[in-house]
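Residue numbers for the sequence shown follow this note's numbering, so the first one is 42 and each next one is one higher.
Heads up, the beta-carbon is just placed ideally off N, CA and C, and yes, glycines get one too.
Please read all numbers here as calculations on a predicted model, not as lab measurements.
The structure appears below as structure tokens.
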Amino acid sequence: MAYTTNMSDDEEDIPETEQEIEEIKPDEKKAPPPPVLEEIEVVEDDEEIEETVIESTETNEDEEVVIDEIEEVEIVEEVIEDVPFSIIEDVPVYPGCKGNKKALRDCLSKSVQKFVSRKF
Numbered sequence: 042m043a044y045t046t047n048m049s050d051d052e053e054d055i056p057e058t059e060q061e062i063e064e065i066k067p068d069e070k071k072a073p074p075p076p077v078l079e080e081i082e083v084v085e086d087d088e089e090i091e092e093t094v095i096e097s098t099e100t101n102e103d104e105e106v107v108i109d110e111i112e113e114v115e116i117v118e119e120v121i122e123d124v125p126f127s128i129i130e131d132v133p134v135y136p137g138c139k140g141n142k143k144a145l146r147d148c149l150s151k152s153v154q155k156f157v158s159r160k161f
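In structure tokens, the structure reads:
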């Protein structure tokens, strides 16, 4: 079975160009030499080592768990002292309010009333 391709006139006007493709070779890194082995000292296995036996921590539902002693710990709560309102020196500032203390207080009062009347 033969295949044929019809090329239009536009495709014939495209010039063919050849470009050299430069082959990029990856850097060849040599593996570091293996470490020099120290002399291995052969030790005779004459000495007996006493191994510790680790008991199983699994329990059965039928077994009673013996508790030696329960130590109670007191929980100490931090007491935060209330600051009396009369001691607060800086008045809260509403965004956009400027001036001395009296002007700030009046602006805050008006702004809060305006906000409350709009929202509620």
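Secondary structure of residue i, DSSP reduced to three states
i, result
"Lys66", "coil"
"Ile108", "coil"
"Ser127", "helix"
Extent of the continuous alpha helix (DSSP H) run through residue i
i, result
"Leu149", "142-160"
Other residues of its chain near residue i: CB distance less than 7 Å, five sequence neighbours each side excluded
i, result
"Glu57", "none"
Closer than 7 Å: residue i CB and nearest the ligand COA heavy atom
i, result
"Glu119", "Absence of the ligand COA is noted for the structure shown, with no ligands found whatsoever."
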